[in-house]
Structure formats: structure tokens, C-alpha cells
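Numbering (our numbering), first residue to last: 4 to 258. C-beta atoms are modelled at their ideal positions from N, C-alpha and C, and glycine is treated no differently.
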Amino acid sequence: MRWLLLGFGEVGSCFAEALRVAGDPVRVYVRRPDAISARGEALGVELASQPHGHDADVVLSCVWAGAAEDVARQAAGTAAAYVDATNAGIAATERMAASVAGFHKAAILAPVARHGARTPMLLAGPRADELAAALNERGFNVRAVGPEPRQAAAIKILRSVATKCIVALLHDMQAAAARYGVEDQVLESAGEFFATEPFADLARTLLRQSGLHAERLAGEMDEVAEALRVAGVSERVPDLAREVFREIAAKGGLT
Ligand SMILES: NC(=O)c1ccc[n+]([C@@H]2O[C@H](COP(=O)([O-])OP(=O)(O)OC[C@H]3O[C@@H](n4cnc5c(N)ncnc54)[C@H](OP(=O)(O)O)[C@@H]3O)[C@@H](O)[C@H]2O)c1
4 MRWLLLGFGE VGSCFAEALR VAGDPVRVYV RRPDAISARG EALGVELASQ
54 PHGHDADVVL SCVWAGAAED VARQAAGTAA AYVDATNAGI AATERMAASV
104 AGFHKAAILA PVARHGARTP MLLAGPRADE LAAALNERGF NVRAVGPEPR
154 QAAAIKILRS VATKCIVALL HDMQAAAARY GVEDQVLESA GEFFATEPFA
204 DLARTLLRQS GLHAERLAGE MDEVAEALRV AGVSERVPDL AREVFREIAA
254 KGGLT
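Listed below in C-alpha cells is the structure:
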């Protein structure tokens, strides 16, 4: 398989190396070929100063997210498959999918510096299964998640609601726990609760239960709010949870 990589930073150079180790021909587009010629030579990649006009089976874009659309426009039509591995969001992904033939979205889920080409990635687009298999044969760690490119971008962004917003909840919980002198015990107790089931199963159980008991759960937020208030901590978390439970109750359960 012949690859054209766009960008030769942390991600591009790591992916280029893995594809070269697998024995594939790799060409790399960079704005200033002279700046990376030694590294490129060491890896055996061919450098190009334009992102179009090449003979490639797959274009793999590893440029800054802000440059993703511009570069995609320039490279459109260069190969039958185009994979954008940048942090471009859902709207940018939809625009690229509408204008670039064979467009696919890859979402890199962890720092490449830590895991190299084995970094977990999601891939979505019309040939996602086939391209994920091709990459995995070459030492990557890719999971195909659907035929619509935006699916990969959406999963990466939306999981942040759990993986990043939870930090706000933990912050307020621990701020109050510190006032009561129970920081470690609260964390351990919450940890035991979360360890009862794999996370996705537990989440489904909690959502199902909240659909059945939304009114009661909304009332219980008053006690949580009081505990935080007494500790001098903002009541924003139980306030938001109460609002969500009331919304679920008003709808008559989860839709
Ligand atoms: N590194 C990670 O662990 C990681 C994890 C998740 C997602 N990502 C995403 O993967 C993408 C690449 O990240 P990275 O860490 O490899 O970044 P990086 O080390 O900063 O490299 C970015 C590359 O993009 C090129 N570039 C930027 N603007 C360009 C433009 N207008 N035209 C052509 N090339 C351009 C840069 O070229 P110059 O050298 O000429 O500036 C450089 O080769 C980003 O979208 C990032 O958000 C990275």
C-alpha cells in the first residue's frame, strides 16, 4: 500500500516510521522539506513539497487541526482514500467529508509519545473496516466505528463529557470531603461503587434507574446540596443534577 502522509510532526513521523517498518512506500508532504530531510532520509521516506499530484493509495493527514481543512482541500483527489487523523471537530469533519472523495476520520485517543503507532485510534468512513485492518496489519491499534466520518469525531468529543467533566465533580466532592476530613474514605467508597461493573454497563444501569426514579433522585440532590453548602462548597453540581433529573421526570423517563 502506498501512503502519502501530510505533516511530519510527532504523529506524522511516528506513523511514517511504523509504515516504513512494515515495508510500505511512504511519501511525506511538509511545508519545508529541507527542515526534516535528515530524519526523513533516516526513515527512508520520500519528501514532497506539495500535498497533491502523487501516486498514493491512502492519504493520511497529521497536520495541526487548524490546517486540516485547508490541507484536505489541496490534497483532495490524490488517492481513493483520505484519512484525517487531526483533532478537527465534528463540524470541520462534516465539511471535509462533503468535499473530499473517500474521506475518513481517525480519532487519536491518547498521546502518541506514550504509545507510538499502537496508540488507540477510532476510524470512521465508508471503508473504515478495510482501512483499520490494513493499519492494524502494520502495527497500529485502530477500531472501525462506522461508515460516517463524523462518528469517530463525535465519539472522541462526547466521551469528554464523562472523561473530562468528571474532574469538575471530583473537584467539588473532594473540596467538601476535605472540610469533613474524609477525603481518602470518600474516594475509596466512590471507587468501590464504580468498580461493581464495567463502566459502560454501570452507566447503562444508572441511566435506566434514573429513568425509573428521576423524581426521587431530584429530591436527594437537596441533601447533597446541603452537605456542600455546610462545607462552604458551591452547590452547582447537585443543582445541575437536580435539573437533569427533573427533565427526565418531566419526559416520563429516558427517551
Ligand atoms: N501528538 C499527539 O499525541 C496527538 C494526540 C491526539 C491528536 N493529535 C492530533 O494530531 C495532529 C498532529 O499532531 P502532532 O502532535 O504531530 O503536531 P506537531 O508535532 O505540531 O506537527 C504538526 C505538523 O503539521 C504541520 N502543519 C501545520 N500547519 C500546516 C499547514 N498549514 N500546512 C502543512 N502542514 C502544516 C507542521 O508542519 P511545520 O513543521 O511546517 O509547522 C507539522 O509537520 C494534530 O491535529 C493533533 O491535534 C495529536
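Own chain partners of residue i with C-beta closer than 7 Å, once the 5 adjacent residues on each side are dropped
i	result
residue 93	153, 156, 157 and 160
residue 183	234
residue 70	none
residue 46	19, 20 and 23
Nearest-angstrom Cβ-Cβ length linking residue i and residue j, presumed shorter than 8 Å
i	j	result
residue 240	residue 175	5 Å
residue 62	residue 89	Wrong, their Cβ atoms sit about 12 Å apart, outside the cutoff.
residue 9	residue 64	4 Å
residue 134	residue 84	6 Å
residue 217	residue 248	5 Å
residue 48	residue 34	With 8 Å as the limit, residue 48 and residue 34 do not qualify as a contact, their Cβ atoms being about 15 Å apart.
residue 238	residue 228	4 Å
residue 91	residue 59	At roughly 20 Å, the Cβ-Cβ gap does not stay under 8 Å, so residue 91 and residue 59 are not in contact.
residue 115	residue 17	5 Å
residue 27	residue 5	7 Å
residue 95	residue 72	6 Å
residue 125	residue 109	7 Å
Own chain, CB closer than 8 Å to residue i, minus 5 neighbours either side, in chain order
i	result
residue 150	127, 128, 129 and 131
residue 177	186, 189 and 190
residue 121	142, 143 and 144
residue 208	200
residue 210	257
residue 193	176
residue 21	119, 120, 141, 142 and 143
residue 226	none
residue 97	152 and 153
Close beta carbons around residue i, own chain, < 6 Å, minus the five adjacent residues each side
i	result
residue 100	106 and 152
residue 51	30 and 32
residue 224	241, 244 and 245
- Quick one: residues with CB closer than 5 Å to any heavy atom of ligand 1, in chain order, please. Qualifying residues, in the order they occur: 10, 11, 12, 13, 14, 34, 65, 66, 67, 68, 70, 89, 90, 111, 114 and 115.
- Query: Which ranges does the beta strand (DSSP E) cover as unbroken runs of at least 3 residues, wholly within the segment 21-92, from first to last along the chain?
  - Reply: 29-32, 49-51, 61-64 and 84-87
- Length at least 4, wholly inside the segment 173-217: the alpha helix (DSSP H) runs in chain order: 186-197 and 202-215
- Task: Enumerate, from N- to C-terminal direction, the unbroken beta strand (DSSP E) stretches of 3 or more residues contained entirely within the segment 89-149.
- Result: 106-111, 123-127 and 144-149
- 4 or more residues per run - each alpha helix (DSSP H) lying fully within the segment 213-247: 217-233
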